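Asker: Under the numbering used here, think of the first position of the sequence shown as 64, with each following residue one higher.
The beta carbon of each residue, even a glycine, is placed where N, CA and C say it ideally should be.
All of these numbers come straight from a predicted model, not from anything done at the bench.
For reference, the structure I am asking about is given below.
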Amino acid sequence: MSLENITIDRALRDPNLLGAALGTSPTWDTWIAVLRAAFALPMTESDLATFKQVAGARDVPEKRVRELWAIVGRRSGKSRMAAATAAYMAAFGIDHSKLSPGEVGTVLVLAASKAQANAVFRYILAFFESSPILSGLIETTTSDEIRLAGNIAIAVHSSSYRTVRGRSLVACIFDEVAFWRDESSSAPDVETFRAVIPALSTTGGLLVGISSPYRQAGLLYSKFQDGFGQNIANVLVVKAPTATFNPTIDHTIIEQAHREDPESASAEWDAEFRGDLSNYIDRRVVEACIEPGVYERGYVRDYRYTAFCDPSSGASDSMTLAIGHREGARAVLDCLREVKAPFSPTDVVNEFAAVLKAYQCTSVKGDAYAVGWVKEAFDKVGVRYVPSERNRSELYLDALPALMARSAVLLDNPRLVGQISQLERRTMRSGRDAVDHMRGMSDDLANAALGAIVNAPNAEAAKRTYYYGPKPKPIFTDPLSEYR
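Right under this line is the structure:
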């Protein structure tokens, strides 16, 4: 069989090509109708009706688009279709005349996390290995790359604009782009998009974004606002609930999700962007509270210090400690420690106790998580553990005025900045606001640091205290040393 002029719909349905792994189920009909439109292929009356339903009644593109954005609900086959599109572009969709002799053309797939990237990679590999024809194209494979005959590579990574640099991209797939997170950036999706477009422009490559929607912000939401239902020649945006792309879904699951959390279910199953979520604080505001180059402040006898701990069992989350004091109207963060899992909780408590004693802290407030063992562990090392009367959401809301007024002074810690910047503010059914970390992110450092800021003693309590014992030796370490 000649591999020239194989269209994407034929490749997906042919049991000797990509159809060997995809199967012949009609559940893929909506996806194939969308891809026919994106590649400007002939469409049946059924295809046209489906296309109008998911594309906002826009006209079918007259030529293959440069960007395809699919906003769909959960369990719609997003990752498998991302893998199938990547496999097709690598095997059939490349104009080799756009590549110089010896140049490697790369189909790059970026996913929301390493685990998700691994899942997409396995799907892609299965598309090739399941086909009696395409399996012969594989030259070598690694844990995240498939090298094909003809100087073509398929690379799959977790999302980062850094993975784009130095590659000749012939196609790029953004998988679950609404959920991309990066503690070093407030807009990793936008930054990666800006890095990809020039790399694709020289090869005439295709960009495909496939994702469930999330909040009303970010690249995917921007593409939806600008392109859904609009007759833009080079951009196609489609949007539909799970049931449209996967008619076999059990509707009782969706109905139950709507009863339990209507806003979440609307996004996850109905493909509607959430209107109840917003940023907690702008990254630039947080960065303005930092003293550059100050990683830790030593003990000064003139101040009274308070400490806050976010404990962990050591299995998955980090255990963190923050120490701060007040100088007039300013709440100052002096020390921030993080121990990443896995670890022994007892060993970490002993380590934190030494830091607390260096700052003359005989007690530490903390998250009420598993307070029994935490209190007992600190008691054994002579430190009183006091459960916080505020939960983490209340701490974040109480810390916000100090951050906005720049009366909170933070340490130069990029992970801390990233965690605070990516907190989300959500309006609950009761009308009250709650703050928590984004899905897939952590907030252990943010919880400890803002807990120390909020609990810094007021002006009266923070007046100079006299201590006549030996001055403790400050502990100076660079908590960022492992990242340097």
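1) Going by DSSP, which residues form a beta bridge with Ser395?
2) Rank Phe415, Ala394, Leu466 by C-alpha distance to the C-alpha of Pro520 and give the top, closest one.
3) Could you tell me the alpha carbon to alpha carbon distance between Lys177 and Thr226, rounded to whole angstroms?
4) How is Thr425 classed by DSSP in three states: helix, strand or coil?
5) Given this structure, state the Cα-to-Cα distance separating Thr266 from Ile215, to the nearest angstrom.
6) For Leu131, collect the residues of the same chain with a Cβ closer than 6 Å to its Cβ; drop the 5 residues on either side in sequence, then sort them by chain order.
7) Would you mind giving the Cβ-Cβ distance between Glu331 and Gly136, rounded to the nearest angstrom? I have them listed as a contact below 8 Å.
8) Apply the 10 Å Cβ neighbour rule to Asn510 and answer buried if 16 or more other Cβ atoms are within range, or exposed otherwise.
9) Among residues of its own chain, excluding the 5 on either side of Asp380, which ones have a beta-carbon nearer than 7 Å to its beta-carbon?
10) Please report the straight-line C-alpha distance between Ile516 and Val472, rounded to a whole angstrom.
11) Which residues in the same chain as Thr255 place their Cβ atom closer than 8 Å to its Cβ, once the five residues preceding and following it in sequence are excluded?
12) Run the CB neighbour count on Val363, radius 10 Å, all protein chains shown included, and call it buried at 16 or more, exposed below.
13) Does the Cβ-Cβ distance between Val301 and Val117 come in under 7 Å?
14) Bridge partners of Asp499, per DSSP?
15) So what's Arg400 in DSSP terms, helix, strand or just coil?
16) Would DSSP call Tyr448 helix, strand or coil?
17) Hey, is the segment 283-297 in contact with the segment 158-166, meaning 3+ C-beta pairs nearer than 8 Å?
18) Going along the chain, which residues of its own chain have a beta-carbon closer than 7 Å to the beta-carbon of Gly82, five neighbours each way excluded?
19) Could you tell me the alpha carbon to alpha carbon distance between Thr369 and Val418, rounded to whole angstroms?
20) Near Ser470, what residues of its chain come up, given a Cβ to Cβ distance below 6 Å and the 5 sequence neighbours on each side ignored?
21) Compute the Euclidean distance between the alpha carbons of Pro78 and Ser231, then round it to the nearest angstrom.
22) Over the uninterrupted beta strand (DSSP E) stretch that includes His220, give me the two end residues.
23) Quick one: what's Cys235 bridged to in DSSP?
24) Residues in the same chain with beta-carbon distance under 8 Å from Ala320, minus the five sequence neighbours each way, listed in chain order, please.
25) Nearest to Met152 by CA position, among Ile134, Ala175, Arg127, Ala133, is which residue?
26) According to DSSP, is Ala260 part of a helix, a strand, or is it coil?
27) Got a sec, what are the start and stop residues for the alpha helix (DSSP H) Glu45 sits in?
28) Answer yes or no: do Leu171 and Ala218 have a C-beta to C-beta separation smaller than 7 Å?
29) Quick one, are the C-beta atoms of Gly140 and Gly292 less than 7 Å apart?
30) Measuring straight from C-alpha to C-alpha, what distance separates Ile71 and Ala145?
31) So, with DSSP's three-state summary, where would you put Phe155?
32) Residues in the same chain with beta-carbon distance under 6 Å from Asp339, minus the five sequence neighbours each way, listed in chain order, please.
33) Can the beta-carbon of Leu283 be found less than 7 Å from the beta-carbon of Val253?
34) Report the partner residues of Met144 according to the DSSP bridge assignment.
35) Look up Glu359 in the DSSP assignment and give the residues it is bridged to.
36) Where does Leu283 sit, in a helix, a strand or coil, going by DSSP?
Answerer: From the atom records:
1) Per the sequence shown, the amino acid found at residue 395 is Val instead of Ser. In DSSP, Val395 forms a bridge with His388, Val472.
2) Comparing Cα positions, the closest option is Ala394.
3) In this structure, the straight-line span from the alpha carbon of Lys177 to that of Thr226 is close to 13 Å.
4) DSSP places Thr425 in coil when its eight states are reduced to three.
5) Looking at the two C-alpha atoms, the distance is approximately 13 Å.
6) Leaving aside the five residues that flank Leu131 on each side, the residues in its chain whose CB is nearer than 6 Å to its CB run, in chain order, Ala101, Val271, Leu299.
7) That pair is a contact at about 6 Å.
8) Flag for Asn510 reads buried.
9) Once the five neighbours on either side are set aside, the close Cβ partners of Asp380 are Ala404, Ser505, Asp507.
10) Going by C-alpha positions, Ile516 is about 9 Å away from Val472.
11) Answer for Thr255: Leu173, Ser222, Ser223, Tyr224, Val227, Phe237, Trp243, listed in chain order.
12) In summary, Val363 is exposed, with fewer than 16 beta-carbon neighbours lying within 10 Å of its beta-carbon over all protein chains present.
13) Taking 7 Å as the Cβ cut-off, Val301 and Val117 qualify as a contacting pair.
14) Answer by DSSP bridge pairing, in chain order: Glu487.
15) Residue state, collapsed to three classes: strand.
16) Judged by DSSP in its simplified three-state form, Tyr448 adopts strand.
17) Too few Cβ pairs lie closer than 8 Å, so no.
18) The answer, listed in chain order, is Leu75, Arg76.
19) Their Cα atoms are separated by approximately 12 Å.
20) Once the five neighbours on either side are set aside, the close Cβ partners of Ser470 are Ala392, Arg393.
21) When rounded, the distance between both Cα atoms is 31 Å.
22) For His220, the uninterrupted beta strand (DSSP E) run begins and ends at 215-221, by DSSP.
23) Bridge partners of Cys235 according to DSSP: Leu171, Leu270.
24) Within the same chain, Ala320 has close Cβ partners Ser327, Ala328, Glu331, Trp332.
25) Closest by alpha carbon: Arg127.
26) Sequence check: residue 260 is Ile here, not Ala. If DSSP states are grouped into helix, strand and coil, Ile260 belongs with the helices.
27) Residue 45 is absent from the structure shown; the chain starts at 64 and stops at 547.
28) In this structure, Ala218 lies closer than 7 Å to Leu171 by Cβ.
29) Not in contact: Gly140 and Gly292 (Cβ atoms no closer than 7 Å).
30) For Ile71 and Ala145, the distance between alpha carbons rounds to 13 Å.
31) DSSP places Phe155 in coil when its eight states are reduced to three.
32) Taking Asp339 as the centre and dropping the five residues before and after it, the same chain places the C-beta of Glu326, Arg489, Thr490 closer than 6 Å to its C-beta, in chain order.
33) The Cβ atoms of Leu283 and Val253 do not sit closer than 7 Å to each other.
34) In DSSP, Met144 forms no bridge with anything.
35) In the DSSP secondary-structure assignment, Glu359 is not bridged to any residue.
36) Here Leu283 carries a helix assignment [DSSP, helix/strand/coil].
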